[in-house]
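Inspection log for the structure reproduced underneath, given as structure tokens.
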Amino acid sequence: MEIMILREFFIRGVMSLILVLMVLNGVFGQVNISRSKLVPDYAIMQYAGSLGVASIGFGYSVGKNDHTHLELLYGYTPKYESDSRMSSITIKALKTIFSDIPISRNNQLSWIPLKSGLGLSYIADNRFFSFRTDLPYAPGYYWHRTGLRSMLYFQTELVTSFESKVISQVSYYLEANIQDIYMTLKFADSNFTVYDMVKLGMGVRIKF
Amino acid sequence: MKLNLKILLFGVTLLFNCDAFETNPYVVNFDENEMDLTQKQLDKLQKIISLNPDKQVIKIAFISDSQRALDEFEDGIDHINQNNDIDMVFHGGDITDYSLNIEYKKMGEAMRRLKAPYFTAFGNHDALATGEASYKAMFGALDYSFKAWGHKFIFFNANHEEFILRGEKAPDLDFLSRQLAEPSDNFENIFMISHMGPFHREFGDENRKSYHQLLLSDDRVKLSMHGHGHGHKFGELYSTGFNYLQVDDTASENYILLTLQSNGNYDFERVFY
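Heads up: the protein sequence lines correspond to chains A and B, in order. Numbered by numbering that gives the first Met the number 0, the letters in the first sequence go through residues 0 to 207 in order. Numbered by numbering that gives the first Met the number 0, the letters in the second sequence go through residues 0 to 272 in order.
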């Protein structure tokens, strides 16, 4: 069941992503801009990582040596034992801490040992509260907004480069995140170990 | 070098720990053995009752507000399990703090170690985000009742403020009226259990009086038991002679041991562990 949902999700996600990129490419191609800054540098597909069972998104590499990365992801969580699915929207800001270490001689395979950064995630769901101002609670009763999370990221990435003009790079990353709510749990209770606090995800970045 | 090895070991352990790949902290996804606990406990209770249907004195351990206190909760469970006289365990709600999946799973795992049948009230912290769905999957209905040895126990959701946000009413006074309207058949006494009690503003100002009136209207109701206050309290609310009981939180390492007589008289002591 889960695999079917995942497959459907990925197929739809990848198809709409390609469509969006084609449209953007077409639009900016017409006005004779070789590559607009608005067109994302790469597409992302991610499994787990606390945003959903699967997420898709896109990102930009900016700054010196393109070492700063800004990403936007949409995450999908099936309903399982509840009545409705969950959608999350996340912004990640990552920095390449240690840059590429070549693995193969012709630079076709390299390794980025560490990328680190911060994320802000919003769960778009009426069971959560994020920006509502009509909350009935006494001020400060809940210190957090259930629909908003912040997280700390650590990633390690394997990069494969191609001669092809369509896709220039495909990279695979493994990610560890620590969310604010888990940090408070960890501090409060020794039964929540560091293994409960650190959550993993993995994904693919496809650079065009 | 030693540190590198430690980091490597940590990484490998994380990778092979499947739960580490988290889909969503609020996902409502449980294993079969983690679900429908209330119904499973009711079945267990029925078997126990059928072995000794004429029991005159029953003992209930009442614990509450275990959020962020899993260590103390585990100790409390060990303590309760050592006492073979305890017939049932009640949890007054706030099982979790954020309604996270991992909190529900860990607290449920601890609770499943209890030897006596256990029943839970739905706390306001259990009602955040997807908490209601998680609670329903793991335990069952938010409002429910059952009978045991001549007593009726009514558990109800009194999270007034959390349900305003959903556009729903809690406590459901109609449900309570219907429960009280049931004629005595195989029970003589009624005990009410909810997380939020009328001690608290969060119960809803209008609800406090209506609830109190409702309880006064039926002299089979002997006691109203609650959590939420993070402190022990026992006494009247409106000088009408009707008493409310509030149990301390789990972090303070104590619970209430309630003794019920078949005539409806009750007695309790605070047990520190």
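Just so you know, even glycine gets a beta-carbon here, dropped at the ideal spot from N, CA and C. All values reported here derive from a predicted model rather than from experimental measurement.
At 7 Å on the CB atoms, spell out the chain A contacts of residue 70 of chain B, in chain order.
The contacting residues are 188, 189, 190.
In chain C, what lies closer than 8 Å to residue 36 of chain B by C-beta?
Looking at the structure shown, chain C is missing, and the protein chains on hand are A and B.
Tell me residue 266 of chain B's beta-bridge partners as DSSP assigns them.
Beta-bridge pairing links residue 266 of chain B to B:258.
Can you have a look at residue 239 of chain A and say buried or exposed, based on whether 16 or more other CB atoms are within 10 angstroms of its CB?
In the structure displayed, chain A extends from 0 to 207; residue 239 of chain A sits before or after that span and is not available.
Is the number of C-beta pairs between the stretch 7-14 of chain B and the stretch 70-88 of chain B that are closer than 8 Å three or more?
No: fewer than three Cβ pairs fall under 8 Å.
Quick check on residue 56 of chain B: buried or exposed, where buried means 16 or more other Cβ atoms within 10 Å of its Cβ?
Residue 56 of chain B should be labelled exposed.
Does the beta carbon of residue 197 of chain B come closer than 8 Å to any beta carbon on chain A?
Chain A, which has no Cβ nearer than 8 Å to the Cβ of residue 197 of chain B, makes this no.
Name the chain B residues whose beta carbon is nearer than 7 Å to that of residue 79 of chain A?
What residue 79 of chain A touches in chain B: 26, 27, 28.
Is it the case that the CB of residue 84 of chain B approaches a heavy atom of the ligand MN more closely than 7 Å?
For the structure depicted, the ligand MN is absent and the ligand set is empty, with no information on it obtainable.
Shortest alpha-carbon distance to residue 133 of chain B belongs to which of B:169, B:115, B:155, B:94?
Of the listed residues, the one whose Cα sits closest to residue 133 of chain B is B:94.
Taking Cβ-Cβ distances shorter than 9 Å, what residues in chain A pair up with residue 20 of chain B?
Correct list: 46, 47, 48, 198, 199, 200, 201.
With H, G and I counted as helix, E and B as strand and the rest as coil, what does DSSP make of residue 252 of chain B?
Of the three classes helix, strand and coil, the one that applies to residue 252 of chain B here is coil, per DSSP.
Which term fits residue 193 of chain A, buried or exposed, when burial requires 16 or more other beta carbons within 10 angstroms of its beta carbon?
Result: exposed.
When DSSP labels each residue in this structure, what does residue 176 of chain A get in the three-state scheme?
Strand.
With a Cβ-Cβ cutoff of 8 Å, do residue 107 of chain B and residue 63 of chain B count as a contact?
Not closer than 8 Å, so no.
Do you know how far the Cα of residue 18 of chain B is from the Cα of residue 183 of chain B?
Distance between the alpha carbons of residue 183 of chain B and residue 18 of chain B is about 49 Å.
Within the 8 Å Cβ cut-off, does residue 178 of chain A reach chain B?
At least one chain B Cβ lies under 8 Å of residue 178 of chain A.
Could you name the residues of the stretch 50-80 of chain B whose beta carbon sits closer than 8 Å to any beta carbon of chain A, in the order they occur along the chain?
Within the stretch 50-80 of chain B, the qualifying residues are 67, 68, 69, 70, 73.
If contact means a Cβ-Cβ distance below 7 Å, which residues of the stretch 126-153 of chain B contact chain A?
Per Cβ criterion, the list reads 127, 128, 129, 132, 136.
Assign residue 274 of chain B to one of three DSSP states: helix, strand, or coil.
The structure shown does not extend to residue 274 of chain B, since chain B is modelled only from 0 through 272, so no value can be given for it.
Between the Cα of residue 110 of chain B and those of B:80, B:124, B:136, spot the shortest distance and give me the residue it belongs to.
Answer by Cα proximity: B:80.
Can you tell me whether residue 283 of chain B is buried or exposed? The criterion is at least 16 other CB atoms within 10 Å of its CB, across all chains shown.
Given a span of 0 to 272 for chain B in the structure shown, any question on residue 283 of chain B remains unanswerable.
Provide the residue span of the beta strand (DSSP E) that contains residue 199 of chain B, from first to last.
No beta strand (DSSP E) holds residue 199 of chain B; DSSP gives it neither H nor E.
From B:230, B:59, B:39, B:196, pick the residue whose C-alpha is nearest to that of residue 258 of chain B; which is it?
Selected option, being the one with the closest Cα: B:59.
Would you say residue 160 of chain B faces chain A, with C-beta separation under 8 Å as the test?
With 8 Å as the cut-off, residue 160 of chain B counts as an interface residue toward chain A.
Whose Cβ in chain B lies nearer than 9 Å to the Cβ of residue 138 of chain A?
Result: empty, since nearest Cβ-Cβ is about 13 Å, beyond 9 Å.
Using only the alpha-carbon positions, how far apart do residue 56 of chain A and residue 172 of chain A sit?
Looking at the two C-alpha atoms, the distance is approximately 14 Å.
Taking the Cβ atom as the reference point for each residue, do residue 22 of chain B and residue 47 of chain A lie within a distance shorter than 8 Å?
Yes, Cβ-Cβ distance for residue 22 of chain B and residue 47 of chain A is below 8 Å.
State the Cα-Cα distance for the pair residue 160 of chain B and residue 169 of chain B, rounded to the nearest angstrom.
Computed Cα separation, rounded: 8 Å.
What is the DSSP secondary structure of residue 167 of chain B, counted as helix, strand or coil?
Three-state result, residue 167 of chain B: coil.
So that I know if they touch, is there some Cβ in chain B lying closer than 8 Å to that of residue 32 of chain A?
Because residue 32 of chain A carries a pLDDT of 46, less than 50, the predicted location of this residue cannot be relied on, and no value is offered for it.
The alpha helix (DSSP H) with residue 58 of chain A in it runs from where to where?
First-last for residue 58 of chain A: 53-61, but that is the beta strand (DSSP E), not the alpha helix (DSSP H).
Whose C-alpha, out of B:99, B:241, B:117, B:129, is nearest the C-alpha of residue 181 of chain A?
Among B:99, B:241, B:117, B:129, the Cα nearest to that of residue 181 of chain A belongs to B:99.
Who are the near neighbours of residue 136 of chain B in its chain, counting only those whose CB is closer than 7 Å to its CB and skipping five residues on each side?
Answer for residue 136 of chain B: 27, 29, 34, listed in chain order.
Does any C-beta atom of chain A lie closer than 8 Å to the C-beta of residue 97 of chain B?
With 8 Å as the cut-off, residue 97 of chain B counts as an interface residue toward chain A.
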